[in-house]
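Trainee: Before anything else, here's the structure in question.
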Amino acid sequence: MRPGQPITLYGFRLSGHSHRAELMLRFLDLPYRFEEVDIFNGAQRSDAFAALNCLRTVPVIDDGGTVIADSVAILVYLAGRYDPARRWLPADPVGQAQVQRWLSVAQNQIAHGPAMARVIQRFKRPFDLKQAQAIAGRLLPVLDAELAQRDFLVGSEPTIADVALYSYTSVAPEGGIDLGPYPAIDAWLKRIEALPRFEGMPQ
Numbered sequence: 009m010r011p012g013q014p015i016t017l018y019g020f021r022l023s024g025h026s027h028r029a030e031l032m033l034r035f036l037d038l039p040y041r042f043e044e045v046d047i048f049n050g051a052q053r054s055d056a057f058a059a060l061n062c063l064r065t066v067p068v069i070d071d072g073g074t075v076i077a078d079s080v081a082i083l084v085y086l087a088g089r090y091d092p093a094r095r096w097l098p099a100d101p102v103g104q105a106q107v108q109r110w111l112s113v114a115q116n117q118i119a120h121g122p123a124m125a126r127v128i129q130r131f132k133r134p135f136d137l138k139q140a141q142a143i144a145g146r147l148l149p150v151l152d153a154e155l156a157q158r159d160f161l162v163g164s165e166p167t168i169a170d171v172a173l174y175s176y177t178s179v180a181p182e183g184g185i186d187l188g189p190y191p192a193i194d195a196w197l198k199r200i201e202a203l204p205r206f207e208g209m210p211q
């Protein structure tokens, strides 16, 4: 099933959260258009954007009048609606729980670790860099050990869990985080980058 018209993705090109949503649209080969929201100049604070997302954060998608906010919610929606084979979001309770486990990591340790460190370093935000790097330092060895056991986060095929963790993990060096000690993570990143229609984070 494909949408009757292109899905509108409201996002910010340099945001890993927006990249997650766009990457999922690409992996599913869905038609979409990207509407840039200049978050550094406060575009997300406008009344028009608040009508799309009361929390005033990107990304948001509008799929023919169905509006979904939050990057992880968007991944769940797109996989549930446009992947009838349930490749990206397993149908069985155990598979769903395993995916949800990693979605929680994306919204917790990834957000407060590699993502925050990148925001501080690249965009000069006044947060605690050492704390963000320490969170990443605790997460990455665990992630590397998990990925040493299998090709993707939940078994032998990619799921939305991999999409959720990919974006900020791939640009962790922008936050002063060295991925060199983690060969299984490096191999996993390369497997995702080899998938059809992949496009990386903008530099």
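If you count the sequence shown from 1, position 27 lands on 35 in the working numbering, and the numbers rise without skipping. Every residue gets a Cβ at the ideal spot worked out from N, C-alpha and C, and that includes glycine.
1) Where does residue 72 sit, in a helix, a strand or coil, going by DSSP?
2) What does a CB cutoff of less than 8 angstroms around residue 12 pick up in its chain, not counting 5 residues either side in sequence?
3) If I measure Cβ to Cβ from residue 96 and keep anything under 6 angstroms in the same chain, skipping five residues before and after, which residues do I get?
4) Could you tell me the distance, in whole angstroms, from the CA atom of residue 19 to the CA atom of residue 158?
5) Use the C-beta contact count for residue 9: other C-beta atoms within 10 angstroms, 16 or more gives buried, fewer gives exposed.
6) Quick test of the definition: if touching needs 3 or more C-beta pairs under 8 angstroms, does the region 113–123 touch the region 171–185?
7) Should residue 170 go down as buried or exposed, given a rule of 16 or more other Cβ atoms within 10 Å for buried?
8) Which one of 200, 83 and 131 has the shortest CA to CA distance from residue 211?
9) Would a check of beta-carbon distances place residue 178 closer than 8 angstroms to chain B?
10) For the alpha helix (DSSP H) that contains residue 224, what are its first and last residues?
11) Quick check: what's the CA-CA separation for residue 43 versus residue 145?
12) Classify residue 206 as buried or exposed, calling it buried when 16 or more other Cβ atoms lie within 10 Å of its own Cβ.
13) Helix, strand or coil, according to DSSP, for residue 48 in the structure here?
14) Looking at the structure shown, is residue 206 part of a helix, part of a strand, or coil, going by DSSP?
15) Quick one: what does DSSP say residue 163 is sitting in, helix, strand or coil?
16) Measure from the alpha carbon of residue 173 to the alpha carbon of each residue in 128, 32, 21 and 57, then state which is nearest.
Mentor: In this structure, then:
1) coil
2) 72
3) Only residues of its own chain outside the window of five on either side were considered, and among them 87, 167 and 168 have a CB closer than 6 angstroms to the CB of residue 96, listed in chain order.
4) Their Cα atoms are separated by approximately 32 angstroms.
5) exposed
6) Output reads yes: the region 171–185 touches the region 113–123.
7) If you draw a 10 Å sphere on the C-beta of residue 170, you find 16 or more other C-beta atoms in it, and that means buried.
8) 131
9) The structure shown contains no chain B; it holds only a single protein chain.
10) Here the chain has residues from 9 to 211 only, and residue 224 is not among them.
11) 34 angstroms
12) exposed
13) Of the three classes helix, strand and coil, the one that applies to residue 48 here is helix, per DSSP.
14) coil
15) strand
16) Residue 32 is the option with its Cα nearest to residue 173.
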